[in-house]
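In this note's numbering, the protein residues as written are 21 to 353. Each residue gets a CB set at the ideal place from its N, CA and C atoms; glycine is no exception. Every value quoted in this text rests on a predicted model; they were computed, and no experiment measured them. Here is the structure we will look at.
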Amino acid sequence: MKNPTTRIIKTISIFTLFVCILTPLFSKEGHPSDQPLQIGSSSITFTGLPSDFLYPSYLADPLAVRSEISYKSLLINEVNPTQEGQGGRFDIVLGARFSFLRFSPLSNPDLGLEMDWGMALPVYMNSKQNDLLALDGIYYFSLGIRPLNWLAFRISRHHICTHVGDELDRDGDGGEYFDYDPSVNANISIFVRDDYLFSAAFEPMKLFKDNYPLSILLYGDISIFIHGFDLLGNRNNKSSDHAYIWFQGGAEFRYDISQKHNAGQLFAAGQISAWQITGYVPNYSFQAGYILPPGRKGQQYKFAFTYYDGQSIINNFIYRRERYMGALLTIER
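Listed below in C-alpha cells is the structure:
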C-alpha cells in the first residue's frame, strides 16, 4: 500500500504542473502560449508549451526520442544469425518531445530553466516478412537549464523497457519463424531500466559568432540507477540489478548551405556509449546527411546515412552484438 504522504505529494505536483501549463492559455489578454509572459514587474518571463527546447536533441543517438523510419542492412546479427547477410530490418520509431514550461530572463527568452518530457516507441521488423522482432518503450521527464547561449545542462528521470515480438527465433538456433508462441515468456519484458540521467551540452562556435555557418555540439551523458520509489513509480533494473551505470558522449557538426536562402544544413555526427551491464564494451554510432529547412521553430527533418557497431539496440538482446549500415528519415520536435 502506498504511503499517504507520497500520494498527497504526487497529487499536488500534478495539479501544480497543470496550472503552470494552462495559465498562459487562459490569460485575460489571450496571450499566445508560445510567447514569453512577463511575471509581474520582475525581469523573469514564463512560457507555457514552448515550441523549441533549451537542451538539444542528439543526431547520432540510436535511443533518442524522435519519429523515424529506417532500413538497416545487418552486417553482424547475433539476434537473428540466420538473417545475417540475407536481408535487413525495418525500424520504425514513433516519438516526440514536449516542452511543458520555461522560465527565462526578460532580456533573452532562449536562456533559462525548462521542464520537458519525451516518449518513443521503437518497433523492429524483419524487412522480408515484416515480422515483429521487438517493441521497445522509452520515456523521460527532465529539468533543463541553459545559463549561457553556448552551454546547457539537464537532469532526467529516464525509463527503458522492451518486449520480444511474437515472430522471432529468440533462441538463435536457426529455427523457422513462427507466427504464434503460446509461451507467455516470449512477450513479457525482461529488460527494464529506470535511471537518473545527467547531461551536458557545449556549443563552442557560439562563443565567437552566433550566425557563423558552422555549428558544433559536444555532449555527454551519464546515467545512474538508484534503488527506490519516486513520483513516476518504482525504479526497476532488469536483468542485472547491480549494473548501475551507462554513459555516452558525442560530437555533431552542421554547416548551413546558404543562410541567405535558408537551404538547410549538411551534418555529420558521431557517438560512443558504454554500459556496465555489457562490461563497458564501446558502442559506435555515426550519421551523416542533410537537415531540411524547418517548417516551424522547434522542428527538425533529416535524411541520413547511418552506421552502428555495438550491443543490439533491441534492448532485450543487449548482450548480443549487431553491426549495420542503412538510411533513415527522422522527424523531431
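State buried or exposed for residue i, treating a residue as buried only when at least 16 other CB atoms are found within 10 Å of its CB.
i	result
F73	buried
D261	exposed
F251	Residue identity differs from the one stated: residue 251 is Leu in this sequence, not Phe. Result: exposed.
N303	buried
S305	buried
Residue i and residue j: beta carbons closer than 7 angstroms?
i	j	result
F325	A308	yes
A220	F173	yes
S147	F110	yes
G269	I311	no
L238	A271	yes
A80	G290	yes
I236	F218	no
E134	T350	no
P233	D276	yes
T67	L126	no
Going by alpha carbons, who is nearest to residue i out of the options?
i	options	result
K258	D214, A221, I351 and I96	D214
Y344	Q331, E352 and T350	Q331
R166	P233, F120 and P129	P129
G240	A294, R340 and S90	A294
P313	K280, H247 and I338	K280
F337	G132, Y144, W137 and N282	Y144
F245	I292, S176, L131 and N231	S176
V301	K229, F267, H178 and H247	F267
So, at 7 angstroms on beta carbons, what are the nonlocal neighbours of residue i in its own chain, with the 5 sequence-adjacent residues on each side left out?
i	result
N335	D156, I180, T182 and F211
L171	F222
K226	N169 and W170
What residues in its chain sit with their C-beta under 6 angstroms from that of residue i, if we drop five residues either side in the sequence?
i	result
K92	G108, R109, Y344 and G346
Q296	A263 and I265
E352	S77, R86 and Q320
G318	S71, D72 and R353
R340	E98, V99 and S332
A116	R353
Look up residue i in the DSSP assignment and give the residues it is bridged to.
i	result
D136	S119 and S162
L57	F66
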